[in-house]
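As structure tokens, the structure follows; a few thoughts come after it.
Number of protein chains: 2
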Amino acid sequence: MPRFFVDSSAFSDGKITVRGDDAVHIGRVLRMKPGESLTVCDEYGVEYACVIAAVGQEILLDALSSKLSENEPPYRATVYQSLVRSERFDTVLMKATELGVSSVVPVIASRCTVKLEPREYAKKRERWQRILSEAAKQCGRGAIPRVCDPMPFSDAVKDAAKADLPLFCYEAGGTAPLPEICSSVPSPGTVSVFIGPEGGFEQREADEAAAGGMRMTGLGNRILRTETAAPYVLACLSFRYELPGGSSL
Amino acid sequence: MPRFFVDSSAFSDGKITVRGDDAVHIGRVLRMKPGESLTVCDEYGVEYACVIAAVGQEILLDALSSKLSENEPPYRATVYQSLVRSERFDTVLMKATELGVSSVVPVIASRCTVKLEPREYAKKRERWQRILSEAAKQCGRGAIPRVCDPMPFSDAVKDAAKADLPLFCYEAGGTAPLPEICSSVPSPGTVSVFIGPEGGFEQREADEAAAGGMRMTGLGNRILRTETAAPYVLACLSFRYELPGGSSL
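Put into structure tokens, the structure is as follows:
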């Protein structure tokens, strides 16, 4: 069944309205008619089984039933990815979407070699969001992950530390193994995953993160590329908290 | 300390001989002299702390001590990756190396759209091996993963089924969650990970694998791309069996 994503502005008076490109796609490409069925997903991972009420510039839908998408993890994971070269950042966006990320925060860390001017943010962000949306449709996500404007390191740490499971990936000392940290938080509602740039975090950044309440974790003895780190952690979270049996090993 | 990989032909009479490009690198690029120290790793993940005994066309080393590399997982994982488009296959090789794979077997499955003639095998295999070797040096592996010639599906299943933990990743029904399967094998010495091509395995292939003793597992509800699947499973194995605390969750 065709699947579309809508945001909260689509809901009013018990109806759901699909606008823009998706409306064109439903009406002109798929040539769907009133009475036919489709699925829409809102931004919270809820899926609505709908019947088309009217087809025009906009598509008007009646929602017959709703359920939490089974394709969303039981936690909201935010990846705080330090800015890296464009093709690497794009890879993180795509893989993280497949692996269940809810939102991505680009972080301006001390050793980032990629510099963005604030005037470039809007265009970059639009591009990043498009990558997330496309990946979400392809892998059957129940909600589209969101990306925000790049955030300075200190602000990002303050934001990330609020999560139930605030992970700061750091290859130098002072860290605890990921499985041990996970065991101490059996059922997190929110997870943050902080990943450094190619050259890693500076010690003072790690100190600031630790002081701010982040849980410092290493990712084993091999050196993971920056674009492998977030997918690695998201896979571990999926194994531990999402797949049946992971919590009761 | 400089790190080089050697195979068993390098060992004789209590000495280790480094030949070829690595010998040139040690002698002419690094300009190392007798008495200086370096590390060599054999193909079993053993690291030797060595002192240079003689520098010439070949480099002769005395091994002072040896230990099992701490960068190798406690299991030998073989990825049976169905042939896919070249850039995707290369991605699997690189990511799998970072994530601890021991060997890669290219598999000729029914829905593979990539066809290779046997006369192309040697050249392809050389290219694949080069990618594995380069990735192994970059991520600090203790041993270089190996790749073999493409193998027909049935032969590959027979080979894979010999592992202590023989995993066949299949998105259709009849599967058990990965954490549950892992719990039934607390400490595997060998693991195989079977991954399908872009269009997935045919039902009859899955049936043959199950009948042959493979453990059928799904990878959650989202649709992972073929090049994401092996890294996902290798990350889960690392979390479960390699990182401290993963086995005692």
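Respectively, the protein sequence lines represent chains A and B. Mapping of the first sequence onto numbering that gives the first Met the number 0: position 43 corresponds to residue 42, and the numbering continues sequentially without gaps. Mapping of the second sequence onto numbering that gives the first Met the number 0: position 38 corresponds to residue 37, and the numbering continues sequentially without gaps. We treat Cβ as the ideally placed atom computed from N, Cα and C, and that holds for glycine.
Using the three-state DSSP reduction, which class does residue i fall into: helix, strand or coil?
| i | result |
| --- | --- |
| B:G19 | helix |
| A:E42 | coil |
| B:D89 | helix |
| A:P178 | helix |
| B:T112 | coil |
| B:V5 | coil |
| B:F200 | coil |
| B:R214 | strand |
| B:P243 | coil |
| A:R75 | strand |
| A:C168 | strand |
| A:L67 | strand |
| A:S183 | coil |
| A:R224 | coil |
| B:P151 | strand |
| A:R145 | strand |
| B:L248 | Caution is warranted here: a pLDDT of 47 is assigned to B:L248, below 50, making its placement in the model unreliable, and no coordinate value can be reported. |
| B:K14 | strand |
CB-CB under 7 Å to residue i, same chain, minus the five flanking residues each way: which ones, in chain order?
| i | result |
| --- | --- |
| A:L67 | G44 and V45 |
| B:D89 | I130 |
| A:S251 | Coverage of chain A is limited to positions 0 through 248, which leaves residue 251 of chain A absent and any answer about it impossible. |
| A:A108 | S81, F152, G195, P196, F200 and E204 |
| B:V5 | I15, V17, V39 and D41 |
| B:L115 | L82, K123 and P149 |
| B:E97 | A134 and C138 |
Taking residue i as the query, report the chain A residues whose CB atoms sit under 7 Å from its CB, ordered along the chain.
| i | result |
| --- | --- |
| B:A95 | Ordered by position in chain A, no residue passes the 7 Å Cβ test against B:A95, which lies about 11 Å from the chain. |
| B:C147 | By Cβ distance, chain A contributes nothing, its closest Cβ being about 23 Å from B:C147, past 7 Å. |
| B:T227 | K94 and E97 |
Quick one: list the residues of chain B neighbouring residue i, beta-carbon separation under 7 Å, in chain order.
| i | result |
| --- | --- |
| A:G245 | P178 |
| A:L242 | P176, L177, P178 and G219 |
Within 8 Å (strictly less), CB to CB, does residue i reach chain A?
| i | result |
| --- | --- |
| B:F4 | no |
| B:Y231 | yes |
| B:E69 | yes |
| B:R18 | no |
Flag residue i as yes if its beta-carbon sits less than 8 Å from any beta-carbon of chain B, otherwise no.
| i | result |
| --- | --- |
| A:Y43 | no |
| A:L223 | yes |
| A:R140 | yes |
| A:S191 | no |
| A:G195 | no |
Can you pull the chain A residues whose beta carbon is under 8 Å from the beta carbon of residue i, in chain order?
| i | result |
| --- | --- |
| B:L82 | Neighbours of B:L82 on chain A: none; closest Cβ ~21 Å, over 8 Å. |
| B:F238 | L177, P178, A234, C235, F238 and R239 |
Provide the residue(s) that pair with residue i in DSSP beta bridges, ordered along the chain.
| i | result |
| --- | --- |
| B:Q80 | B:P105 and B:I194 |
| A:C49 | A:L37 and A:A62 |
| B:V54 | B:I58 |
Which residues in the same chain as residue i place their Cβ atom closer than 6 Å to its Cβ, once the five residues preceding and following it in sequence are excluded?
| i | result |
| --- | --- |
| B:C147 | V104 |
| B:P72 | G99 and E241 |
| A:R87 | E226 |
| A:V78 | A95, V100, V103, V192 and A229 |
| A:K14 | L59 |
| B:L248 | Legend: pLDDT at B:L248 = 47, less than 50; position of this residue unreliable, value from coordinates given subsequently. So the list is empty, once near-sequence residues are dropped. |
| A:M213 | A160, P165 and F167 |
Excluding the five sequence neighbours on either side, which residues of its own chain have a C-beta within less than 8 Å of the C-beta of residue i, listed in chain order?
| i | result |
| --- | --- |
| B:G188 | Y74, R75 and D163 |
| A:S7 | D41 and E42 |
| B:E207 | F152, S153 and V156 |
| A:G141 | C40, G44, V45, E46, L67, S68, E69, N70 and E71 |
Could you tell me which chain A residues have their CB closer than 9 Å to the CB of residue i, listed as they occur along the chain?
| i | result |
| --- | --- |
| B:S153 | The premise fails here: B:S153 is roughly 29 Å from chain A at the closest Cβ pair, so nothing lies under 9 Å. |
Between residue i and chain D, is there a C-beta pair that is closer than 8 Å?
| i | result |
| --- | --- |
| B:M213 | As a matter of chain content, chain D is missing from the structure shown, whose protein chains are A and B. |
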